[in-house]
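Novice: For reference, the structure I am asking about is given below.
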Amino acid sequence: MSLVLWTLLFSIVGSVFSLVGGLLLLKNDHWIKQNTMTVVSWAAGVLLGVAFLDLLPEALEMGITANVEIHSLMMISLFAVVGFFIFERSFVWFHHHHDPDVQPPVSALLIFGDSVHNFIDGIVIGAAFLVSVPTGITTAIAISAHEIPQEIADFSILLKSGMAKIKVVIFNLLSALMTIIGAMLVLAYSELVNTITPHLLAFAGGMFVYIACSDLIPELHHVTQRNLVIKHVLAFIFGLVIIYTLIQFSHGH
Numbered sequence: 014m015s016l017v018l019w020t021l022l023f024s025i026v027g028s029v030f031s032l033v034g035g036l037l038l039l040k041n042d043h044w045i046k047q048n049t050m051t052v053v054s055w056a057a058g059v060l061l062g063v064a065f066l067d068l069l070p071e072a073l074e075m076g077i078t079a080n081v082e083i084h085s086l087m088m089i090s091l092f093a094v095v096g097f098f099i100f101e102r103s104f105v106w107f108h109h110h111h112d113p114d115v116q117p118p119v120s121a122l123l124i125f126g127d128s129v130h131n132f133i134d135g136i137v138i139g140a141a142f143l144v145s146v147p148t149g150i151t152t153a154i155a156i157s158a159h160e161i162p163q164e165i166a167d168f169s170i171l172l173k174s175g176m177a178k179i180k181v182v183i184f185n186l187l188s189a190l191m192t193i194i195g196a197m198l199v200l201a202y203s204e205l206v207n208t209i210t211p212h213l214l215a216f217a218g219g220m221f222v223y224i225a226c227s228d229l230i231p232e233l234h235h236v237t238q239r240n241l242v243i244k245h246v247l248a249f250i251f252g253l254v255i256i257y258t259l260i261q262f263s264h265g266h
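Its first residue numbered 14, the sequence shown is counted upward by one per residue in our numbering.
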């Protein structure tokens, strides 16, 4: 299968799969409330696994080959962390901050913020596939993983704002399509992107670390029940193991 088809397939799968959490919320909000933190734990493990075991090592290896200073790549990773911190402070409700009194203008901002974020996700997926198909697949999995709990939060906010269920689904689907657009643009300008692929991978690694450590893991600290804590730790480790296994398998083939 061609690189374009691989990228298109996984950007579509990522876009649709990211809506699973929100759609489950519409169908069975009780189950979602009971299991969201387990999904968050798993997603945090997946994101950190992809960042530290795949994207950042790949960025450093490609950087050394292309005579790019390691220091500059680490600065880009740091820039990603700082940039997303500023972005989220501008939209304080961006991921998991539920406000029962959300107003319609905030809903519009939420959809806009999600669209921008999904577009960046698409760029990251496209750049990862330019490195290799396995790197692209693990990156797409990581993005889908963190999108599930995010979409649960987004659906909740939009529903609380008074938006009809069908509109919530349509707007989130349109927002998710930005992932495909971002990925396809990267392939369309692949010659240009190839020259900055190490930088994009470093940025993606920083982005994943920020999302895991700022948005996902802090949510888990609110849970104190012993059985749930153990469940979340196991889900976190399971996320790491999945990514480690995928990477080892891809390197062996």
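A virtual CB, placed ideally from N, CA and C, is assigned to each residue, including glycine.
1) Return helix, strand or coil for methionine 14, following the three-state DSSP convention.
2) Which residue wins for smallest C-alpha separation from valine 144, given the options Leu37, Val95, Asp67 and Met88?
3) Look at the alpha carbon of glutamate 197 and the alpha carbon of glycine 149, and state the distance between them as a whole number of angstroms.
4) For the alpha helix (DSSP H) holding alanine 72, just list the boundary residues, first then last.
5) If I measure Cβ to Cβ from leucine 21 and keep anything under 8 Å in the same chain, skipping five residues before and after, which residues do I get?
6) Quick check: phenylalanine 251 and glycine 96, are their CB atoms within less than 8 Å of each other?
7) Does the stretch 229-237 come within contact of the stretch 166-173, defined as at least 3 CB pairs closer than 8 Å?
8) What is the DSSP secondary structure of glutamine 261, counted as helix, strand or coil?
9) Just checking, does the stretch 158-165 make contact with the stretch 41-53 on the three C-beta pairs under 8 Å criterion?
10) Using CA atoms only, rank isn't needed, just tell me which of Phe262, Ser24 and Gln261 is closest to isoleucine 142.
Specialist: Answer, in terms of the structure:
1) Note: methionine 14 maps to coil in three-state DSSP.
2) The candidate whose alpha carbon is nearest that of valine 144 is Asp67.
3) With the sequence shown as reference, residue 197 is identified as methionine, and glutamate is not the correct amino acid for it. Here the alpha carbons of glycine 149 and methionine 197 stand approximately 13 Å from one another.
4) DSSP places alanine 72 inside the alpha helix (DSSP H), whose first and last residues are 69-78.
5) Taken in chain order, the residues that qualify are Ile193, Ala196 and Met197.
6) Taking a C-beta distance under 8 Å as the contact criterion, phenylalanine 251 and glycine 96 do not qualify as a contact pair.
7) Between the stretch 229-237 and the stretch 166-173 there are fewer than three C-beta pairs closer than 8 Å, too few to call the two in contact.
8) Helix at glutamine 261.
9) Contact holds between the stretch 158-165 and the stretch 41-53, because three or more Cβ pairs, one in each stretch, are under 8 Å apart.
10) Position check: residue 142 holds phenylalanine in this sequence, whereas isoleucine was assumed. In this structure, Ser24 is the residue among Phe262, Ser24 and Gln261 with its C-alpha nearest to the C-alpha of phenylalanine 142.
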